[in-house]
Amino acid sequence: MDWDDLRYCLAIARAGTLAGAARALGVNHSTVFRRLNAFEEKIGVRVFERLPAGYVPTAEGEEILRHAEAADEAVLALERTVAGKDYRLAGRIRLTTAPNLAADFVAGYLPDFLAMYPDIRIEIAAGDRDFDLARREADLALRATSTPPEYLVGRRVCEVPWWVFAGESYLARRAPPRDMDELGQHPLIGAEASFLRVPVFAWLEGRHGESAFTVRASDLNTMAALAAAGLGLALLPIDQQMPGLLPLFPVTPNFEAGLWLLTHPDLRHVARIRVFSDYLAERLRADPRLRAPGSR
């Protein structure tokens with residue numbers, strides 16, 4: 007049995023569609039369709055039911071996929087074991103982080119690092135979804151979280167407190183609130199439904215009615231830009247400081263999270279990952295933009 011056939015089946019099962027599997031595998035839709043049909047014909051078993059909502063494993067397909075998952079885990083563990091013995095200061099590092107951390111912080115740090123280590127290549131996967139480090143979707147993660155995954159190892163770089171922010175143009179028109187109790191007297195930037203998974207926005211939603219929110223967004227960068235444009239006050243982590251946007255006072259209750267650098271335990275001794283992690287931690291801890299106003 008060709009392992010690639012099982013990889014295609016796993017990708018279809020995880021995505022639920024041929025198009026999603028094609029994106030995950032980096033091939034076109036027709037290739038996935040052709041490989042699945044050829045595999046089912048070869049083994050004489052229908053692996054998936056083709057339904058209007060997507061591809062759903064048959065009973066036989068579930069059994070095949072269970073073994074395929076075990077094989078996939080074994081292959082990934084072998085890849086991590088081999089990668090973990092790499093002591094060269096050369097090769098690729100794939101870093102995953104939030105878009106604002108990538109653009110506003112990491113990008114500016116890279117020139118000095120690459121000047122010191124010209125044989126290391128950096129790839130940045132910026133996005134709000136959590137890339138799976140166990141599946142080598144990334145080698146290193148820079149994440150703001152209060153509960154890092156237990157299967158990863160790493161270090162807490164610094165604390166990231168949340169503050170209430172207002173645009174300079176807004177403050178030119180209105181006196182700012184003095185504390186959290188006065189927020190209700192001002193228009194607010196709210197979270198779009200999918201972004202209410204962030205605890206601070208779920209709390210804010212429960213505290214204020216729909217009429218309090220002038221506009222909503224599904225990411226922090228857009229929220230910061232809307233507040234800087236003077237459309238209302240925004241609750242943001244301190245790393246969202248930008249020109250034209252002023253921090254007023256800390257959010258209470260405290261929704262502070264740690265900024266973590268994380269990797270898989272099998273990769274923690276890889277030389278290039280270790281030096282890059284050390285470098286990022288040093289630069290982030292020294293960056294004044296990650297300190298609350300008034301702190302040293």
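First residue of the sequence shown? That's 7 in the numbering used here, and the numbers climb one at a time after it. For glycine and all other residues, C-beta sits at the position ideal for the given N, C-alpha and C. All values derive from a computational prediction rather than experimental measurement.
Roughly how many angstroms lie between the CA atoms of residue i and residue j, to the nearest whole one?
i      : j      : result
Pro193 : Ala104 : 27 Å
Pro263 : Gln191 : Looking at the sequence itself, residue 263 is Ala, so the reference to Pro does not match. Roughly 27 Å separates the two Cα atoms.
Val32  : Ala17  : In the sequence on display, residue 32 carries Gly and not Val. Taking the straight line joining both Cα atoms gives about 11 Å.
Phe261 : Pro271 : 28 Å
Val257 : Ala44  : 57 Å
Trp168 : Asp136 : 21 Å
Ala77  : Tyr14  : 13 Å
Ile70  : Tyr157 : 26 Å
Ser36  : Ile99  : 31 Å
Ala108 : Arg29  : 23 Å
Asp10  : Val206 : 44 Å
Gly212 : Ala218 : 11 Å
Asn106 : Arg289 : 16 Å
Ala27  : Glu198 : 28 Å
Ala121 : Leu296 : 25 Å
Leu273 : Leu139 : 10 Å
Leu189 : Leu210 : 10 Å
Glu216 : Asp185 : 21 Å
Ala113 : Gly97  : 19 Å
Val38  : Pro259 : 50 Å
His73  : Glu46  : 16 Å
Ala21  : Ser200 : 19 Å
Glu79  : Ser152 : 28 Å
Glu75  : Leu177 : 56 Å
On the premise that residue j lies in contact with residue i, defined as a C-beta separation below 8 Å, what is that separation, rounded to the nearest angstrom?
i      : j      : result
Arg222 : Gly196 : 4 Å
Asp293 : Phe111 : 7 Å
Arg141 : Leu84  : About 13 Å separates the two Cβ atoms, so there is no contact after all.
Pro183 : Leu241 : Not quite, the Cβ-Cβ distance comes to about 12 Å (not below 8 Å), so this is no contact.
Thr220 : Leu202 : With a Cβ gap of about 17 Å, Thr220 and Leu202 do not count as contacting.
Ala144 : Leu101 : 6 Å
Trp266 : Gly133 : Their Cβ separation, rounded to whole angstroms, is 17 Å, which puts Trp266 and Gly133 out of contact at 8 Å.
Give the single residue among the options whose Cα lies nearest to the Cα of residue i.
i      : options                        : result
Ala147 : Arg72, Glu68, Phe282           : Phe282
Leu57  : Ala76, Ala19, Arg29            : Ala19
Pro154 : Arg213, Ala25, Ala77, Thr269   : Thr269
Ala25  : Thr220, Gly60, Ala74, Ile49    : Gly60
Pro243 : Val166, Pro299, Gly250         : Val166
Leu116 : Met186, Pro299, Ala287         : Ala287
Pro299 : Ser152, Phe207, Met186, Leu251 : Leu251
Phe23  : Glu55, Arg280, Gly50, Ser152   : Checking the sequence, you will find Thr at residue 23 rather than Phe. Looking at the Cα atoms, Glu55 is the closest of the given residues.
Ile49  : Asp8, Arg72, Phe39             : Asp8
Asp187 : Gln247, Ala208, His214         : His214
Glu68  : Cys164, Ala199, Val53          : Val53
Thr228 : Met248, Ala121, Leu210         : Met248
Val204 : Arg274, Phe39, Ala150          : Ala150
Phe119 : Arg295, Leu296, Arg280, Glu75  : Arg280
Arg291 : Leu177, Glu216, Cys164, Asp245 : Cys164
Answer with yes or no whether the minimum CB distance from residue i to chain D is below 7 Å.
i      : result
Arg100 : Looking at the structure shown, chain D is missing, and only one protein chain is on hand.
Buried or exposed: which applies to residue i, given that a residue is buried once 16 or more other Cβ atoms fall within 10 Å of its Cβ?
i      : result
Arg41  : buried
Leu12  : buried
Arg278 : buried
Asn34  : exposed
Ile130 : buried
Arg180 : exposed
Val276 : buried
Leu239 : buried
Ala208 : exposed
Asp284 : exposed
Val51  : exposed
Compute the minimum distance between the beta carbon of residue i and the heavy atoms of the ligand PLP, and state whether it is under 6 Å.
i      : result
Leu177 : Annotation note on the ligand PLP: not contained in the displayed structure, which lists no ligands.
- prompt: Can we say the segment 166-174 touches the segment 232-249, given the rule of at least three CB pairs closer than 8 Å?
  reply: yes
field: Validate contact between the segment 64-71 and the segment 125-139 using beta carbons, cut 8 Å, 3 pairs
entry: no
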